[in-house]
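K.L.:
First to last, the sequence lines map onto chains A and B. For the first sequence, position 28 (counting from the first letter as 1) is numbered 27 according to numbering that gives the first Met the number 0, and the numbering increases by one without interruption. For the second sequence, position 109 (counting from the first letter as 1) is numbered 108 according to numbering that gives the first Met the number 0, and the numbering increases by one without interruption.
2 protein chains.
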Amino acid sequence: MRDNLNVKGMRDYYPELMAKLNHIFNVWRKTALAYGFEEYDGPILETLELYRLKSGDEIVKQLYNFTDKGGRELALRPELTPTLARMVSKVYNEIQKPIKWFSIPRCLRYEKPQKGRLREFFQFNIDIIGEKDELADAEVIAVAVDSLKNLGLTANDFIVKINNRDFVSSFFNRYNIDEKNIFKIYKIIDNARKVPQSVTDEAIRSLSLNSEQIDGVYKYLSIRSIDDDSFLNENSEGSNSLLRLFEMIGKMGLENYCIFDPTIVRGLDYYTGTVFEIYDRSEKMRAICGGGRYNRLLQEFLGKEVPACGFGMGDVVLGEILDSKGLLPPYSKSIDYFLARISDEELGIMLRVASALRRDGKRVEYVYRNQPVKKQMAKASKLGARYVLIFGPDEVRNGMVKLKDMETGEETLKELSEYVRD
Amino acid sequence: MRDNLNVKGMRDYYPELMAKLNHIFNVWRKTALAYGFEEYDGPILETLELYRLKSGDEIVKQLYNFTDKGGRELALRPELTPTLARMVSKVYNEIQKPIKWFSIPRCLRYEKPQKGRLREFFQFNIDIIGEKDELADAEVIAVAVDSLKNLGLTANDFIVKINNRDFVSSFFNRYNIDEKNIFKIYKIIDNARKVPQSVTDEAIRSLSLNSEQIDGVYKYLSIRSIDDDSFLNENSEGSNSLLRLFEMIGKMGLENYCIFDPTIVRGLDYYTGTVFEIYDRSEKMRAICGGGRYNRLLQEFLGKEVPACGFGMGDVVLGEILDSKGLLPPYSKSIDYFLARISDEELGIMLRVASALRRDGKRVEYVYRNQPVKKQMAKASKLGARYVLIFGPDEVRNGMVKLKDMETGEETLKELSEYVRD
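1) To which residues does DSSP link A:Phe310 through a beta bridge?
2) Hey, which unbroken runs of the alpha helix (DSSP H) at 4 residues or more fall wholly within the region 337–408 of chain A?
3) Can you pull the chain A neighbours of B:Gln95, defined as C-beta to C-beta under 7 Å?
4) Look at the alpha carbon of B:Lys303 and the alpha carbon of A:Lys373, and state the distance between them as a whole number of angstroms.
5) Tell me whether the beta-carbon of B:Lys250 lies closer than 7 Å to the beta-carbon of A:Leu350.
6) Taking beta-carbon pairs under 7 Å, can you tell me which members of the region 315–339 of chain B lie near chain A?
7) What is the residue span of the alpha helix (DSSP H) that B:Leu49 lies within?
8) Need the endpoints of the beta strand (DSSP E) that B:Ser102 sits in, please.
9) Taking CB distances under 7 Å as the criterion, tell me whether B:Pro306 reaches chain A.
10) Pull up the DSSP beta-bridge partners for B:Leu492, would you.
11) Name, going along the chain, the residues of the region 53–73 of chain A whose beta-carbon falls closer than 9 Å to a beta-carbon of chain B.
12) Sorted by chain position, which residues of the same chain lie with C-beta nearer than 8 Å to A:Ser416's C-beta, five sequence neighbours on each side aside?
13) Which word fits B:Gln95, buried or exposed, when buried means at least 16 other C-beta atoms lie within 10 angstroms of its C-beta?
14) Please check if any C-beta of chain B sits within less than 7 Å of the C-beta of A:Pro112.
15) Where does the unbroken beta strand (DSSP E) through B:Lys413 begin, and where does it stop?
16) In this structure, does DSSP put B:Gln113 in helix, strand or coil?
17) Can you tell me whether B:Lys7 is helix, strand or coil according to DSSP?
18) Would you say B:Ile389 and B:Ala339 are within 7 Å of each other, going by their C-beta atoms?
19) Comparing C-alpha positions only, which one of A:Met17, A:Leu356, A:Pro77 and A:Ala286 sits nearest to A:Ala143?
20) What does a CB cutoff of less than 6 Å around B:Leu296 pick up in its chain, not counting 5 residues either side in sequence?
21) For chain B, check one thing: does any of its Cβ atoms lie closer than 7 Å to the Cβ of A:Tyr13?
22) Would you check if the distance between the CB atom of B:Pro104 and the CB atom of B:Leu79 is smaller than 7 Å?
23) What first and last residue would you give for the beta strand (DSSP E) that runs through B:Arg105?
24) Mind reading off the beta-carbon distance from A:Phe442 to A:Glu38? Whole number of angstroms is fine, and I expect it under 8 Å.
25) Tell me which residues of the region 24–47 of chain B have at least one Cβ-Cβ distance to chain A shorter than 7 Å, keeping chain order.
26) Going by the beta-carbon positions, is the gap between A:Gly291 and A:Thr262 smaller than 7 Å?
27) Hey, A:Arg164 and A:Val305 are a contact pair by Cβ (cut 8 Å); roughly how many whole angstroms apart?
28) In the region 351–377 of chain B, which residues sit with their C-beta less than 7 Å from some C-beta in chain A, listed in chain order?
29) May I have the straight-line CA-CA distance separating B:Phe337 from A:Pro371, to the nearest angstrom?
30) Helix, strand or coil for A:Ile334, going by three-state DSSP, please let me know.
31) Per the contact definition of three or more C-beta pairs closer than 8 Å, is the region 239–247 of chain A in contact with the region 132–146 of chain A?
32) Return the CA-CA distance between A:Met86 and B:Asp227, expressed in angstroms with no decimal places.
33) Under 8 Å Cβ to Cβ from B:Asp343, same chain only, skipping five residues before and after it: list those, please.
34) Under 8 Å Cβ-Cβ, which residues of chain B neighbour A:Leu296?
35) So, with DSSP's three-state summary, where would you put B:Tyr12?
36) In this structure, does DSSP put A:Ala18 in helix, strand or coil?
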């Protein structure tokens with residue numbers, strides 16, 4: 000009757016799903032901290048202007064935006080990067096560089112819900128701001144790889160596909176292709192790994208390119224490796240940056256996780272150097288993660304370029320992959336101690352023991368209204384109790400309590416003073 | 000120049016603030032888990048209808064609501080309880096009772112920002128659904144008290160003020176006061192502890208009550224304790240429930256934290272039994288926490304009353320109190336190891352050691368582009384490094400590395416094999 004009260008594309012995070020998400024969040028957080036990143040967050044509501052600044056009017060179609068009761072145009076954040084730019088720009092001159100921050104923001108997009116895409120999701124973000132060296136790009140990739148490894152995935156499960164936007168643009172520079180066609184070519188390149196060759200051929204034919212330009216596109220797509228002569232001969236800023244990046248990746252021991260892929264270009268005018276995407280090896284899913292270098296991030300705010308790189312990794316595609324591989328442990332409730340009582344005469348001492356155990360961080364439960372001990376023991380099992388303490392009048396009178404180990408079934412008498420301190 | 004890009008009443012959670020919030024969230028979470036509560040959450044967007052159901056049209060003024068691109072009336076959640084009711088109603092018949100859930104949702108309200116109130120905030124919520132016994136009410140109060148104690152507050156810092164809505168309504172039942180005036184009287188009672196007696200007198204006079212009714216209001220306000228004859232003589236369902244609640248509070252050892260206060264009534268038609276609010280002892284702030292029993296929570300959804308009790312505790316008032324008492328430790332970045340290198344010849348081995356340390360959960364950093372060791376040591380200090388490992392060509396050639404303890408200044412030579420496993 001009330002089913003229409005669910006908002007389309009939104010999840011209810013029942014304890015089972017929440018436990019899975021918390022597992023993912025904890026691994027993300029732990030991995031980012033190991034690399035020295037500090038956690039931050041922004042408000043979930045930003046001005047619509049902030050997103051227009053970064054992405055133009057196009058973006059407005061894809062987000063939840065509205066005018067508030069004070070007449071302000073606001074939007075629910077579809078991503079954290081514009082917030083990062085706004086926040087960093089306010090403190091940029093005062094704080095130590097490089098800035099290394101991470102966040103796990105809740106984000107919302109007004110998109111058609113489908114496999115791997117929901118209207119509300121969480122996205123692991125890390126950014127290094129103020130460092131231009133490729134070791135920073137490599138570190139960003141290392142955080143992504145380690146996060147996935149720490150979640151149980153291996154080099155057989157996923158691959159980081161890497162390219163460089165400067166390399167792409169200097170490659171095509173020599174062909175005198177106008178800007179409109181360049182963007183179309185980027186789109187064709189980006190699609191090339193997802194569609195049959197014939198589709199790519201047709202798309203290239205449909206552009207008004209001369210034969211030299213067409214040869215250029217095919218030459219580009221034929222580059223297979225950064226060891227190819229066709230790559231090494233480039234000797235551009237971008238190709239050299241890629242070589243140094245792969246050198247750093249090698250020194251970090253990540254060579255089995257990373258591959259050069261000329262079809263990775265990511266978006267239109269945002270990225271400036273390194274770009275990468277992470278895919279599951281079956282490549283049946285959308286990208287798990289996307290990132291790279293965007294040195295123009297702060298330009299709107301600070302009036303100058305500041306080197307910056309980072310990535311975003313959502314919970315939805317990743318969660319589906321982990322689930323399909325059985326890497327999200329099944330959830331069932333568990334507690335450390337269930338306290339049972341024969342009669343309410345023992346309620347006082349039982350509650351004192353509960354309080355002492357909880358103070359020690361133990362998870363403790365009992366029934367509120369007294370029940371036969373058999374029923375209480377059944378309840379203890381259902382709650383996944385590791386131990387049961389049984390408070391009977393005779394034992395309590397003698398300063399004792401019965402401890403039952405729920406794994407072994409063993410019962411022992413314990414001194415109450417082991418549990419309560421006065 | 001870009002300052003207008005901040006949305007009014009919203010905070011930017013820079014690492015320093017984020018660390019404080021994470022500290023509060025961790026204590027909340029740990030405390031709820033100790034009592035056997037399971038974590039859940041809902042989407043931040045709900046239908047506007049959900050809030051109208053619970054609170055009528057009045058609520059609409061106080062929230063961020065809008066019509067989405069598909070024509071749906073949506074709202075950003077101002078609290079989690081309606082979401083809880085919606086979610087629980089969908090699974091109520093399948094899951095074990097009592098349901099014990101907690102959450103730390105991000106919520107938004109369209110209110111005038113002021114001390115203790117912001118437009119975006121976090122709120123610790125716990126609920127026990129399906130249990131009518133006062134021991135459940137006492138447990139809810141115990142979770143609130145323990146949370147505050149675990150954050151460093153003592154019985155000298157805060158007080159839980161408790162009342163019972165059934166007690167209040169049966170007290171006034173005998174006076175034949177019409178419904179409109181009863182709500183006004185509740186409002187006067189609620190205000191009585193915040194305003195001078197003369198204001199209360201004037202407010203009572205302004206109602207069209209007969210002299211017997213006026214005497215009733217004064218008689219009610221004069222009740223000081225549940226040991227007073229005027230209280231004990233009531234012998235109503237509500238007064239007896241309060242007596243049992245205080246008995247349970249005593250058995251839990253919380254008597255120093257709790258007091259009966261007849262002026263606590265909380266809202267109009269939501270609560271059904273126990274009501275409580277927690278204040279700092281100076282009473283200069285808004286309530287830290289409010290809660291009680293609301294057995295009609297699921298009525299709209301399930302068509303029947305289901306016993307339920309819980310509380311909400313926001314981060315804003317609490318954060319101000321903790322800050323004012325110095326209970327939120329000052330934040331500064333810290334890491335476990337800073338790795339320094341004499342030359343880039345040592346970069347490879349250094350990165351392998353970094354990787355191994357990080358795999359062990361250690362927080363590790365280094366400079367991306369090489370710098371003189373002196374500069375690197377200064378950087379290590381700034382980052383709050385506990386140890387520095389210095390990679391020099393001579394040491395590395397002999398399979399060694401220098402370890403500096405940044406607290407004692409002591410330097411020791413270590414075998415590299417202690418840090419890297421092959």
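Every residue gets a Cβ at the ideal spot worked out from N, C-alpha and C, and that includes glycine. Values in this document were obtained by computation on a predicted structure and should not be read as measured data.
P.N.:
The structure says:
1) A:Ile125 and A:Gly290
2) 346–358, 372–381 and 392–396
3) Lys381
4) 30 Å
5) yes
6) Lys332 and Ile334
7) Leu47 to Ser54
8) Ile98 to Ser102
9) no
10) The structure shown does not extend to residue 492 of chain B, since chain B spans only 0 to 421, so no value can be given for it.
11) Lys60, Tyr63, Asn64, Phe65, Thr66, Asp67, Lys68, Gly69, Arg71 and Leu73
12) Gly398
13) exposed
14) no
15) Glu410 to Glu414
16) strand
17) coil
18) yes
19) A:Ala286
20) Ala84 and Ala307
21) yes
22) yes
23) Arg105 to Leu107
24) Within the shown structure, residues of chain A are numbered from 0 to 421, placing residue 442 of chain A beyond reach of any answer.
25) Lys29, Leu32, Ala33, Tyr34, Gly35, Glu37, Glu38, Tyr39, Asp40, Gly41, Pro42, Ile43, Leu44, Glu45 and Thr46
26) no
27) About 17 Å separates the two Cβ atoms, so there is no contact after all.
28) Arg351, Ser354, Arg357, Gly360, Lys361, Arg362, Val363, Glu364, Tyr367 and Arg368
29) 60 Å
30) strand
31) yes
32) 57 Å
33) Asn369
34) Result: empty, since nearest Cβ-Cβ is about 13 Å, beyond 8 Å.
35) strand
36) helix
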